[in-house]
Every structure is written in structure tokens, then in C-alpha cells.
DNA sequence: TGCAAACTTTGCACACTATGCAAGGATTAC
DNA sequence: GTAATCCTTGCATAGTGTGCAAAGTTTGCA
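Chains as they are written, first to last, in my numbering: chain G, 100 to 295; chain B, 100 to 295.
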């Protein structure tokens, strides 16, 4: 369909624009940055900026990595306990995120102050959650259960990033471990006593 | 501080604007509605519209009810199992939401298609989650545990509304019961087998 | 009651956002 | 090498959101 060179250039430019956006967002809030500034910093025209992203908040978020097909497959066909298999998927996904710590930090920074950016990321996460719910449906009988599990898994990633950004000297992987332990502990408390 | 009459009028106008927004959003997407239209439908000038809400998405969301101080207090001093006490708080909160089913439905409708609106609601929910986390810290030792519990509690409300909107003949309370059962089931699965 | 202070609404001007369209430039396929 | 395709860009334009100041309301107090 699209030629490989064009594809590569597109991705490079998209990334360039995201970097320019995040860098500017370190100095002042996204609200106070104009699309002109971003475009200039990324070396393209304002019009071209809008060919890549529908708005500056989307440019800040960029295109976060989805859970890979392999890890989802591993979860689907998993042999261990459900908890262990989900944790394995999250660990794998975290490896991807660790490759771009600067971007993760920049995105987190934007999310803290910008509502529109939060909404955009949320839209992306809804998709991830849905995909994960489908996968989990092959491991549990009840759909609501799968939904709850998927929600917790996706949130664990976000929670880890938040914790990582707010804790000096903690790695993303360590943050995930802490968040995960909290989740397991919470689950133990919620399920320990019968509701009815 | 502010006189009671002025206070009441402000709330009435705010609500009027929200209703006008949600009503228009039934016919076309929020993107395609102009602030002028909303203002005209609500009987105020465009400029006044912006005195009440910073943008049309915020007008659609309005001012959702927070968990009441009484219910939070009940949870803090709760005597039953943690799960039962959290469920009680959610049930109480749902009673408040049921009073304005039309608005809940309208807001849900907007959230489905509008990212900015999602972000705005999310910002509100972050605040609710934080407040609930503080409350739960008096019931559990670990902060991450409290965070996970609060996240699940707040999400249960949102999940219930989603389920309610997509299921013919189900009440909000019933939806909450279904979502809650799914959450408890998921918790059982996550905590049943040791992670390490 | 009547008047001054406080607050609200509104119109207007203006900077910024985002999109359609068409011209021009680069890349691809053959 | 050339035609088709895709990308970038400038320009025009509808819409968003804010500051400011004038006009209108409400409030508190004499």
C-alpha cells in the first residue's frame, strides 16, 4: 500500500512533532503553547502539523504502544495462575515503555495539567481495555469479571507511571511491582468476606 | 459570602445550560454544536455561557455529585467487612444519581463520542478517587492498597452507568450489583493464587 | 425608600484552533 | 523519463475562548 520510505518518514515526522510538543510543554503549559510554535519547533508548517495530529494534545500523547499480539496470546494460552499471567503481560509491556522513558515522563507531565490530553489517552486506553477484555474472556466465564480484570490491568500501567514520576530513584518496573502488590492486597480484602 | 438568591440563580442557570447542551447533543455530536447554539437554547448570550463553563464539553458534564461527607464518614467508621462498607457507599451514591437519570443518560451519551468531555469527567473523578483513597487509608495499612480500592470503587460507578445505558430494562442499582459482582469475582481470581 | 457598592450580563475586539481547497513539490512505479 | 500518487504548504474561513468596559441587577445599609 504505502511505500516503506514514506511510511518511515511519516513516523519520523510524527515523532519529531511529539518530541517538540513535549519539550515545549516542559517550559509552559500545553494551553499556552500555540500550534505555530510546535510546528516551527518541529520544522514543518502549521498546516502540516494538523496533517499529523488533530490537535496539540494529541500531538503530546502521540501513539502509545498497544499490548503486543504475542503477549496477549501468551495470556490467552497462559498456563500459570491468572494473576501471574496478567502480571507477565504487564511486565512485558513495561519493557516497551522503558525504551522511551523521556516520552513517558513528558506525556505524564502533560496529563497532569491537561484535561483534553487525559481524554485522548483515555480513549486509547478504552480500546486497550476492550482488547484485553476479549482476551480474558477466554480465561474466565463471566464477562463482567473479564472487564474488571482488564480495567485493573490497564490501570496498573497508568498507576505505575504515576508512582514512578513521583518517587525519586524508583524504576518503572519497580513501580509496577509496588502497584501490583497493592492491587493484589486490595483484591484479597475485597474477596475475603462474602458480600451477601 | 454570596447571597442566597444569587447562589440559587447561578445554579439554575448552570443547570439550564447543561440541559440545553445535553438536549442538543442528542441530535448531533457535541463537535457539531456551536457555543452560540447552546447559549441561544439556554436563553443567555454566548459571552455569558463562558461565564458559566469554560467550554461546551464542561457544560455537558456539568457538576456531577461527589460522594457525600456522610457516606464517606460511614465508610471511615464502618463496622462491616471492607467490601460491604464500600458497596454501601456506592449504593448510597447511586441513589443520588438515580434522581437525575436524564442527565446521567445525556452525559453518558456525550462521553461515548467526545474525548475532551471524557478528560473533563476524568479530572473530576481523579479528585473523587483521591478523597476516597484518604478515607480508605483509615481502614487499610498500605497506601497503594487504598489507591487500588478507591480506583475500583470509582470505576464501579462509571461501569454501572455504561452497563445500564447498554442494557434494556436494567436499573442503575441493578447494574451496580452486576458490576460489583464482577469486581468481587475478579478480586477472588487475582488473590486466590500467590504471586511469588 | 433610596442610594452606593458589588456583582452579572452583554457586546466587541482579538488571538488562537482547526478544516477545506487548490497549487506546487517530491516520490513512486513503470 | 514520465505519469500517477502522495505530501506539504498557503490561504480562506468558521468557530473557540478571553479581556475589557458599558449597561443592567441585586444587595446592604442609612
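Beta carbons are placed, not taken as given, at the ideal position from N, Cα and C, and that holds for glycine.
### Task
Anything in chain B within Cβ reach of residue 234 of chain G, meaning under 9 angstroms, just list it in chain order.
Per Cβ cutoff of 9 angstroms: no residues; residue 234 of chain G is ~14 angstroms from chain B at best.
### Residue from G:240, G:140, G:270 and G:120 whose Cα sits closest to the Cα of residue 216 of chain G
Among G:240, G:140, G:270 and G:120, the Cα nearest to that of residue 216 of chain G belongs to G:120.
### Query
How would you label residue 125 of chain G, buried or exposed, when you count the other beta carbons within 10 angstroms and need 16 or more for buried?
exposed
### Message
Distance cutoff 8 angstroms, beta carbons only. Does residue 160 of chain G sit that close to anything in chain B?
### Response
Residue 160 of chain G does not count as touching chain B.
### Same chain only: Cβ atoms within 7 angstroms of residue 295 of chain G, ignoring 5 sequence neighbours per side
Bear in mind that the predicted position of residue 295 of chain G carries a pLDDT of just 42, short of 50, making it too unreliable to give a figure here.
### Query
Using the beta-carbon of each residue, which ones in chain B are nearer than 8 angstroms to residue 214 of chain G?
Taking a Cβ-Cβ cut-off of 8 angstroms, the neighbours of residue 214 of chain G in chain B comprise 215, 218, 219, 221 and 222, given in sequence order.
### Query
On the three-state DSSP scale, how would you describe residue 116 of chain G?
helix
### Task
Report the three-state DSSP secondary structure of residue 260 of chain G (helix, strand or coil).
Look at residue 260 of chain G here: in three-state DSSP terms it is helix.
#### Entry: Whole-number beta carbon distance between residue 277 of chain B and residue 262 of chain B, since they are thought to touch under 8 angstroms
Residue 262 of chain B to residue 277 of chain B, Cβ: 6 angstroms. Contact.
### Query
Should the stretch 207-216 of chain G be called in touch with the stretch 169-184 of chain G, which here means at least 3 C-beta pairs below 8 angstroms?
no
### Query
Within 8 angstroms (strictly less), CB to CB, does residue 155 of chain B reach chain G?
Closer than 8 angstroms: no.
### Query
Does the Cβ of residue 251 of chain B lie closer than 7 angstroms to at least one heavy atom of the ligand SAH?
With respect to the ligand SAH, the structure offers nothing, as it holds no ligand at all.
### Message
Using the Cβ count rule (16 or more neighbours within 10 Å means buried), how would you classify residue 150 of chain G?
### Response
So residue 150 of chain G counts as exposed.
### Message
Could you compute how far the alpha carbon of residue 104 of chain G sits from the alpha carbon of residue 155 of chain G?
### Response
Using only the alpha carbons, I get a separation of about 26 angstroms.
### Query
On the three-pair Cβ rule with 8 angstroms, is the stretch 240-257 of chain G touching the stretch 270-286 of chain B?
yes
#### Entry: Length of the line joining the Cα atoms of residue 175 of chain G and residue 139 of chain G
46 angstroms
#### Entry: 6 angstroms CB neighbourhood of residue 236 of chain G in its chain, flanking five on each side removed
245
### Query
What is the DSSP secondary structure of residue 295 of chain B, counted as helix, strand or coil?
Caution is warranted here: a pLDDT of 42 is assigned to residue 295 of chain B, below 50, making its placement in the model unreliable, and no coordinate value can be reported.
### Task
May I ask you to list, following chain order, the residues of the stretch 267-278 of chain B that have a beta carbon less than 9 angstroms from some beta carbon of chain G?
277 and 278
### Task
Following the continuous alpha helix (DSSP H) through residue 205 of chain B, name the residue where it begins and the one where it ends.
200-212
### Query
In terms of residue numbering, what span does the alpha helix (DSSP H) encompassing residue 269 of chain G cover?
Residue 269 of chain G -> no alpha helix (DSSP H), and no H or E assigned at all.
### Task
Quick one: list the residues of chain G neighbouring residue 243 of chain B, beta-carbon separation under 7 angstroms, in chain order.
277, 278, 280 and 281
#### Entry: Length of the line joining the Cα atoms of residue 182 of chain B and residue 289 of chain G
5 angstroms
### Message
For chain G, check one thing: does any of its Cβ atoms lie closer than 8 angstroms to the Cβ of residue 175 of chain B?
### Response
Answer no: the Cβ-Cβ gap between residue 175 of chain B and chain G never drops below 8 angstroms.
#### Entry: Among B:159, B:233, B:114 and B:286, the one whose alpha carbon lies nearest that of residue 249 of chain B
In this structure, B:233 is the residue among B:159, B:233, B:114 and B:286 with its C-alpha nearest to the C-alpha of residue 249 of chain B.
### Query
Since residue 111 of chain B contacts residue 123 of chain B with CB under 8 angstroms, what's their CB separation in whole angstroms?
Actually they do not touch by this definition, with Cβ atoms about 19 angstroms apart.
### Task
Would you please state the rounded distance, in angstroms, between the beta carbons of residue 271 of chain B and residue 253 of chain B? I believe it to be under 8 angstroms.
Their Cβ separation, rounded to whole angstroms, is 16 angstroms, which puts residue 271 of chain B and residue 253 of chain B out of contact at 8 angstroms.
### Task
Output yes if chain B places a C-beta closer than 8 angstroms to the C-beta of residue 188 of chain G; else output no.
no
### Task
With distances taken Cα to Cα, identify the nearest neighbour of residue 195 of chain G among G:184, G:256 and G:222.
G:256
### Message
Residues of chain B with CB closer than 7 angstroms to the CB of residue 287 of chain G, please, in chain order.
### Response
Near residue 287 of chain G (Cβ distances below 7 angstroms), the residues of chain B are 290.
### Query
I think residue 161 of chain G touches residue 117 of chain G, with their Cβ atoms under 8 angstroms apart; what is that distance to the nearest whole Å?
4 angstroms
### Task
Indicate whether residue 189 of chain G and residue 275 of chain G have their beta-carbon atoms separated by less than 8 angstroms.
yes
### Query
If you follow the alpha helix (DSSP H) that residue 240 of chain G is part of, which residue opens it and which one closes it?
It is not in any alpha helix (DSSP H) - residue 240 of chain G carries neither H nor E in the DSSP assignment.
### Query
What's the C-alpha gap between residue 164 of chain B and residue 226 of chain B?
12 angstroms
### Query
Nearest-angstrom Cα distance between residue 131 of chain G and residue 273 of chain G?
The straight-line gap from Cα to Cα measures roughly 34 angstroms.
### Task
For residue 248 of chain B, return the contacting residues in chain G, with the cut-off set at a CB-CB distance below 8 angstroms.
Here the neighbours are 285, 288 and 289.
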